[in-house]
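**Q** Take a look at the following structure, please.
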Amino acid sequence: MERDSAEDRFGRRVRVEREARGWTQADLAKRIEPSGISLHPSAIAKIELRDVAKPRAIRLDEARAIADAFGISVDEMWETDDNRIRWVGNRARVWLDDLIPMLEEGREREVDIDNLIQTAPEESREHLKRLLLADEFAAFVEDTYVAALSLTGRLRHPSRARELDWKYSEDATEA
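If you want it as structure tokens, here you go:
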């Protein structure tokens with residue numbers, strides 16, 4: 060039977076995060092050294108191994124160093140799968156919300172590029188277009204903008220909002 064203490068969830072998460080990055084236990088040990096914590100790869104293996112009668116305890120300073128190596132908080136390391144799903148889903152939505160204004164600015168840069176090309180002497184327009192990668196830039200910005208808007212709308216859909224426990228308005232989603 061799988062235990063479910065905070066330490067057990069943390070230990071299992073260490074393995075998940077480490078393997079997701081393609082790191083060995085030795086790689087993780089090296090990455091936490093700058094924090095002043097020295098863990099042998101076998102100690103990391105024991106931290107990850109939770110289905111034994113007496114699993115290795117995880118010290119707070121070790122937990123923090125490991126979480127820092129992954130770039131996430133200690134709290135996130137022992138969250139349940141449901142909480143992780145909510146956290147990841149909300150983080151993706153927030154990232155998209157932050158990206159959209161940058162893409163809107165990219166659309167303004169696209170107009171700047173187009174204006175520069177149009178006001179340049181006719182003989183240099185093609186050169187400027189190639190130099191500034193005008194067509195590629197415009198396609199990238201537009202395609203990414205449309206995709207970001209679509210993903211944001213889909214992530215905010217009431218069926219996902221309810222499952223991910225996001226705040227939403229029935230009125231706003233019926234439109």
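Each residue of the sequence shown is one higher than the one before, starting from 60 at the first, in our numbering. We treat Cβ as the ideally placed atom computed from N, Cα and C, and that holds for glycine.
Would you identify the three-state DSSP class for H99, choosing helix, strand or coil?
**A** Reduced to three states, the DSSP call for H99 is coil.
**Q** Whole angstroms is fine: what's the gap from R235's alpha carbon to E138's?
**A** A question about residue 235 goes unanswered here, because the residues of the chain that appear run from 60 up to 234.
**Q** Quick one: residues in its chain with C-beta nearer than 7 Å to the C-beta of I91, no 5 flanking neighbours on either side, listed in chain order?
**A** Hits under 7 Å: L98, A124, I125, A128.
**Q** Identify, in the order they occur along the chain, each residue of the same chain with its Cβ nearer than 8 Å to the Cβ of Q177, setting aside the five sequence neighbours on each side.
**A** Answer for Q177: R184, listed in chain order.
**Q** At 4 residues or longer, and completely inside the segment 160-200: list those alpha helix (DSSP H) runs for me, N to C.
**A** You should have 181-190.
**Q** I'd like to know if the segment 156-165 and the segment 101-119 are in contact, where contact means that at least 3 CB-CB pairs between them fall below 8 Å.
**A** No contact exists between the segment 156-165 and the segment 101-119.
**Q** Check G81 in the structure and name its three-state DSSP category.
**A** DSSP places G81 in coil when its eight states are reduced to three.
**Q** Go to E121, then tell me how far its alpha helix (DSSP H) extends in each direction, as first and last residue.
**A** Note, E121: alpha helix (DSSP H), 119-129.
**Q** Please identify the residue among A193, P100, E66 whose C-alpha is closest to the C-alpha of W82.
**A** If we check each option's Cα against that of W82, P100 comes out closest.
**Q** Between which two residues does the alpha helix (DSSP H) harbouring V133 extend?
**A** Note, V133: alpha helix (DSSP H), 133-136.
**Q** Under a three-way DSSP split, which group does S209 fall into?
**A** S209: helix per DSSP, three-state reduction.
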